[in-house]
Structure formats: C-alpha cells, structure tokens
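A.B. asks: Just so we're aligned, residue 1 is where the first sequence starts under the numbering used here, counting upward by one.
So that we are looking at the same thing, I have put the structure below in structure tokens.
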Amino acid sequence: MRIRIEEASAHAGAEVEIRGWLYHKRSSGSIHFLLVRDGSGVIQAVMAKQEVSPSLFAAAADLTQESSLLVRGTVREDSRAPGGHELTVRDLQVVGLADPYPITPKEHGVEFLMDHRHLWLRSRRQHALMRIRAEVIRAATEFLDRHGYLRMDAPILTPAAVEGTTTLFETPYFDLGNAFLTQSGQLYNEAAASAFGRVYCFGPTFRAEKSKTRRHLTEFWMLEPEAAFMELDEYMEVAEAMICAVVGQVLDRRRLDLQEVERNLAALEAVQPPFPRLSYDEALNRLHAAGKPLPWGEDLGGDEETVISSAFQRPVFVHRYPAKCKAFYMQPDRDRPDVVLSADLLAPEGYGEIIGGGQRIHDLQLLQQRLREHHLPEHVYQWYLDLRRYGSVPHCGFGLGIERTVAWIAGIEHVREAIPFPRLMNRLYP
RNA sequence: UCCGCGGUAGCUCAACGGUAGAGCGUCCGGCUGUUAACCGGAGGGUUGUAGGUUCGAAUCCUACCCGCGGAGCCA
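Below, the structure is given as structure tokens:
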C-alpha cells in the first residue's frame with residue numbers, strides 16, 4: 001500500500017510503499033540507515049545486508065542526498081528511530097540519482113541558502129515555516145469567511161498610486177501609457193465594501209522602496225478586509241479577534257512546526273483579548289518616560305515601536321496618529337481634527353507593525369480637499385470619489401502583512417524566510 | 001540614499017607583514033543500530049576586482065564591485 005510518511009504510525013506492521021527523496025544517509029558497513037522524506041515527514045529506512053540482494057545493497061550505498069526513490073518495506077515501531085517508527089526495507093527503486101547536493105547537513109550562510117532557495121525549501125525548518133504560513137493564511141481567511149466577509153480580490157495592475165508617498169513598480173501597458181503594480185487593494189476594497197458590505201482581498205502587493213531591513217520585502221502578501229458601516233472601535237475589535245483566531249489555530253494545528261523552529265509557545269499563548277489600545281499621545285508619553293522622547297507629529301520608527309510593544313505581552317494598538325503621518329484618505333477625529341482615526345497593531349517581542357488601517361473619509365468635500373493637499377490628480381480618483389457621491393457611509397479597513405505575521409508567530413529573525421521565494425531590493429533570483 | 005561590518009577550498013571559518021590551514025561535503029577504503037554516526041586516506045585555492053607601499057601582501061593604503069546588518073519608508 002502506498003502511504004505518506006505522516007501516516008506511518010497508523011500502518012505499523014504493514015507492508016507499504018513510500019515515494020520520496022533521500023534526506024540523509026548513514027551506514028555502518030552492513031547496515032544502511034536511509035532518512036527518506038516525502039514532503040509530509042521524514043522516516044528512517046533500514047536496510048540490512050543480509051535481508052536484500054547484494055546488488056540492491058550496493059546500489060543503496062551509492063545513493064546521493066536528494067536522490068528520488070521508491071521504498072517498499074514494513075513499518076515498525078522502534079524507539080531508536082527518529083520519529084518512533086522506521087521502515088525495514090525490502091525493496092528500493094531509484095527514480096533519479098541526484099548530483100552532489102549543495103546544501104549539506106552543516107552550517108550555511110543566509111546568502112548561500114537564499115541563492116539555493118529552490119532547494120532550501122526541502123529542509124525541515126523551511127517545511128515548518130511554510131506550513132505555519134499556510135495555516136496563518138487559512139486561519140485568517142476562514143475567520144473572515146465566518147464573519148460574513150466576501151473574498152473579492154483587487155487588481156494587481158493599476159493606473160495610479162493608492163498612496164502618493166510610496167514608490168511603485170512601473171511597467172509599459174499597451175497604448176495606455178504605464179501601469180503600476182499595486183501597493184494595496186484598499187481603494188478597490190472600498191468600492192467592493194459599498195457593493196457587498198463586508199469584503200476582503202488577498203494577494204501580492206509591491207513596494208519599490210529601497211528598504212534593507214528584516215521587516216521588508218519588495219513583494220509581500222497582504223490580507224485586507226474592508227467593512228461598510230464600521231467605525232474605529234469596531235475595526236479594532238475585528239482585528240483583535242482575527243489575530244487571536246490566527247494565533248490560536250496555529251498553536252492548535254501547527255504545534256510541532258512551532259517546536260521545529262524552537263518558538264517560545266508561552267509567548268503565543270499569552271495572545272488573548274483584549275489588546276492594549278494606546279493613543280499616539282499616550283505612546284509619546286511612554287516614549288518620554290522611557291528616555292526616548294519624540295516630538296509630536298513625528299511618525300513612530302522601528303526603535304519607538306520596539307519600546308512600545310516590548311512593554312506588553314500581547315499585541316498593542318496605537319491609534320489616532322497625527323494626520324500628517326498618514327495617508328490622504330484617513331478620517332479625522334471629530335473632536336481633534338489634527339489626528340486621524342487610524343490604528344496600527346504592533347506585534348510583541350520587537351516584531352513591530354503587522355496591521356495598518358483605520359477609518360476612511362466618507363465626506364466628498366473633505367476627500368477632495370485632501371487630494372489637493374497631497375498634490376494628487378483628482379481626475380484619476382473620479383471613481384473613488386463616486387463612492388462618496390452614491391450612498392457614502394463610515395467605513396473601515398486594514399491590511400495584515402502575512403510575512404510579518406508569520407515571522408512573529410514563528411519567531412524568526414527575518415521576513416525573507418516567511419515567503420517561498422522572497423523578493424528583496426537585491427534579490428530577484430531564484 | 002546614509003551609517004556599520006564583511007568578501008580566503010563546494011560550504012562554515014582560521015591564519016592579521018614571513019612556506020594558505022581546519023571542520024564538513026566530495027572521492028577511495030573500513031565498520032551489523034546509526035542519530036549533523038565514526039575511523040583511515042585522497043583531491044580541492046589567481047585570498048572579490050584593479051592599482052599602490054614593501055626585500056616580501058590574504059594581511060597595510062586607495063578606488064571600485066558584491067553581500068550582510070541597521071536607519072529612513074512601510075505591512
């Protein structure tokens with residue numbers, strides 16, 4: 001019977017076939033230990049010289065790391081085996097003999113591993129990270145599906161900037177001039193929210209910023225919910241519930257993977273509602289008390305975020321930023337027009353911002369005024385302004401950065417390991 | 001773009017003005033329970049590039065290239 005390695009314990013005593021690749025090999029002359037992986041797990045296959053033909057035994061001795069093979073044998077419980085079960089080999093068939101494999105079971109630098117990202121993905125640690133990523137995405141989208149949000153994706157090729165500030169990737173587009181790769185689906189989400197009430201989009205977004213930090217990619221995946229008839233406080237409740245659902249589901253279903261990457265599980269188990277909600281002004285007071293004063297009106301940088309977030313065991317919202325720090329579409333606070341109804345969520349342990357969002361301007365005249373203040377061409381935003389002409393309502397939305405969320409939940413240093421093929425300022429290969 | 005660190009064998013690193021080395025991987029040999037197995041042997045180098053100082057440069061100086069970390073910006 002053909003099985004996957006993750007099912008091996010259910011087939012103890014049975015004759016099975018495993019199709020996979022040679023992960024590693026040890027031998028003591030008359031007995032080979034072949035570590036075979038198939039994507040679902042790793043199992044030790046044991047081949048004794050006496051129990052197979054001499055030609056098969058010799059062929060196994062010549063197997064190279066990552067050679068693909070079919071192994072047939074009996075599953076046996078054995079405390080000496082990594083994983084608790086091993087396979088007594090009866091027959092083995094080589095599908096493809098691998099060339100000498102560049103990633104050896106020793107230390108390698110990040111640069112070398114990134115050059116071999118297409119092969120690095122075969123390692124245990126990367127398997128754990130990719131499974132955690134998949135679970136984060138599944139948990140977040142399932143949460144939104146459960147709460148009545150319709151997935152309605154936004155275009156990737158767009159005619160203009162969503163926010164005039166950040167740099168965009170540009171590409172020729174037939175006779176219509178240049179198109180830009182999207183930096184956010186938000187504007188389209190707002191249109192969709194007026195059509196369906198609650199929506200979200202999920203896909204890659206692009207920022208042509210020359211950022212070289214552990215938190216930045218030029219291509220990253222963002223999950224962006226948007227809801228009509230929603231104001232700031234309710235948005236924070238939704239974001240909080242979603243993050244708790246995501247962390248809880250990863251803890252529940254990907255615990256072994258978290259252990260593989262040596263994540264401190266207690267820190268994740270502390271992620272429970274309610275999250276602290278700090279106004280920008282309160283954040284400044286904390287920075288002042290911590291001896292890192294920041295003048296009012298300045299945006300929080302990486303160091304400031306670390307000071308704020310490390311004071312708490314759980315993610316923390318910072319809301320009501322100065323208007324000049326934020327994008328043109330942010331709704332001003334009616335009691336204090338110099339601040340806007342934004343709220344960013346900072347992950348603990350120094351991971352920084354994983355969510356940015358807030359309440360959008362729903363008043364036509366105010367939005368037009370903001371476009372002028374930001375020197376944005378109004379004619380490009382006519383369809384966006386229409387949303388304020390035809391049944392405008394208070395509405396909120398936010399963007400969850402998938403790679404930053406995965407990096408935080410998995411406890412890894414750099415977002416580049418949180419995506420299969422990272423795109424960085426200096427990396428477009430493989 | 002700015003600041004800091006770095007580039008030596010396939011990989012990870014040592015040698016810091018006086019003959020360029022180790023571990024791992026590779027290849028050959030040995031070993032019937034290995035756990036990044038172990039033991040013996042072999043092969044492997046224009047020390048990022050170009051110039052300079054010196055009797056002598058991987059080492060000191062200059063320029064450039066590339067990489068890493070951080071800042072700004074953001075998710």
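A virtual CB, placed ideally from N, CA and C, is assigned to each residue, including glycine.
Please state whether DSSP places Val52 in a helix, a strand or coil.
C.D. replies: Of the three classes helix, strand and coil, the one that applies to Val52 here is coil, per DSSP.
A.B. asks: Quick check: the Cα distance between Leu119 and His24, rounded to an integer number of angstroms?
C.D. replies: 14 Å
A.B. asks: Could you pull out every residue in the same chain whose Cβ sits closer than 7 Å to the Cβ of Thr165, ignoring the five residues on either side in sequence?
C.D. replies: Its pLDDT being 47, under 50, Thr165 is placed unreliably by the model, and nothing is read from it.
A.B. asks: Answer with buried or exposed for Phe174, where buried requires no fewer than 16 other C-beta atoms within 10 angstroms of its C-beta.
C.D. replies: Only exposed fits Phe174, as fewer than 16 other CB atoms lie within 10 angstroms of its CB.
A.B. asks: Does DSSP classify Thr165 as helix, strand or coil?
C.D. replies: Unreliable positioning characterises Thr165 in this predicted model, as indicated by a pLDDT of 47, which lies under 50. The coordinate reading is nonetheless provided below. Coil.
A.B. asks: Taking Ser342 as the reference, which of Gly356, Asp38 and Pro348 has the closest Cα?
C.D. replies: Gly356
A.B. asks: Can you tell me which of Leu22, His147, Ile43 and Leu428 puts its alpha carbon nearest to the alpha carbon of Ala61?
C.D. replies: Checking every option, the nearest Cα to that of Ala61 belongs to Leu22.
A.B. asks: What did DSSP end up calling Leu119 once you bin it into helix, strand or coil?
C.D. replies: In the structure shown, the three-state DSSP call for Leu119 is helix.
A.B. asks: Alpha carbon to alpha carbon, what distance is there between Met236 and Arg146?
C.D. replies: 18 Å
A.B. asks: For Glu135, I'd like the list of residues in its chain whose CB is within less than 7 Å of its CB, leaving aside the five on either flank, ordered along the chain.
C.D. replies: Excluding positions up to five away in sequence, the list reads Gln249, Val250, Arg253 and Arg254.
A.B. asks: Per DSSP, which one or two residues make a beta bridge with Gly352?
C.D. replies: Gly352 is bridged to Ala347.
A.B. asks: How close, in whole Å, do the beta carbons of Leu70 and Arg19 come, if the pair is a contact with beta carbons under 8 Å?
C.D. replies: 5 Å
A.B. asks: Put His11 into one of helix, strand or coil per three-state DSSP.
C.D. replies: helix
A.B. asks: Just to confirm my understanding: we take Ser9, look at its own chain, exclude 5 residues before and 5 after, and list those with CB closer than 6 Å. What are they?
C.D. replies: His85
A.B. asks: What's the C-alpha gap between Leu400 and Asp38?
C.D. replies: 32 Å
A.B. asks: At which residue ranges does the segment 156-232 contain complete beta strand (DSSP E) runs of 3 or more residues, listed in the order of the chain?
C.D. replies: 170-172, 178-181, 198-206 and 219-228
A.B. asks: Note down the Cα distance separating Val247 from His379, rounded to an integer number of angstroms.
C.D. replies: 43 Å
A.B. asks: For Thr171, does the count of other Cβ atoms within 10 angstroms reach 16, so buried, or fall short, so exposed?
C.D. replies: exposed
A.B. asks: Please look up how many angstroms separate the CB atoms of Gln259 and Arg314, rounded, as I've assumed it's under 8 Å.
C.D. replies: With 8 Å as the limit, Gln259 and Arg314 do not qualify as a contact, their Cβ atoms being about 21 Å apart.
A.B. asks: Please state the DSSP three-state secondary structure of Gly96.
C.D. replies: Three-state DSSP puts Gly96 in a strand.
A.B. asks: Per DSSP, what kind of secondary structure is Ile412 in: helix, strand or coil?
C.D. replies: coil
A.B. asks: From what residue to what residue does the beta strand (DSSP E) around Gly397 run?
C.D. replies: Residues His395 to Gly401.
A.B. asks: On a CA-only basis, which of Leu87, Asn264, Phe143 and Trp296 is nearest Pro225? Give me that one, please.
C.D. replies: Phe143
A.B. asks: Have a look at Phe275 and Glu7 and give me their C-alpha separation to the nearest angstrom.
C.D. replies: 39 Å
A.B. asks: Could you name the residues that DSSP lists as bridge partners for Pro332?
C.D. replies: Val340
A.B. asks: For Val199, count neighbouring C-beta atoms within 10 Å of its own C-beta (all shown protein chains included) and say buried if the count is 16 or more, exposed if not.
C.D. replies: Looking at its Cβ environment, which holds 16 or more other Cβ atoms inside 10 Å, Val199 is buried.
A.B. asks: Between Gln185 and Glu349, what straight-line distance do the alpha-carbon atoms span, to the nearest angstrom?
C.D. replies: Residue identity differs from the one stated: residue 185 is Gly in this sequence, not Gln. Taking the straight line joining both Cα atoms gives about 29 Å.
A.B. asks: Using only CA atoms, which one of Glu66, Arg131, Asp78 and His116 lies nearest to Asp99?
C.D. replies: Glu66
A.B. asks: If you draw a straight line from the C-alpha of Ile132 to the C-alpha of Arg372, how long is it?
C.D. replies: 44 Å
A.B. asks: What do you get for Phe328, buried or exposed, if any count of 16 or more other CB atoms within 10 angstroms of its CB means buried?
C.D. replies: buried
A.B. asks: For the segment 101-119 and the segment 35-49, state whether three or more C-beta atom pairs, one from each stretch, are separated by less than 8 Å.
C.D. replies: no
A.B. asks: Measuring straight from C-alpha to C-alpha, what distance separates Gly301 and Leu176?
C.D. replies: 38 Å
A.B. asks: What is the C-beta distance between Leu294 and Val316, in whole angstroms, given that I count them as a contact (C-beta under 8 Å)?
C.D. replies: Contact flag wrong, Cβ pair sits at about 16 Å.
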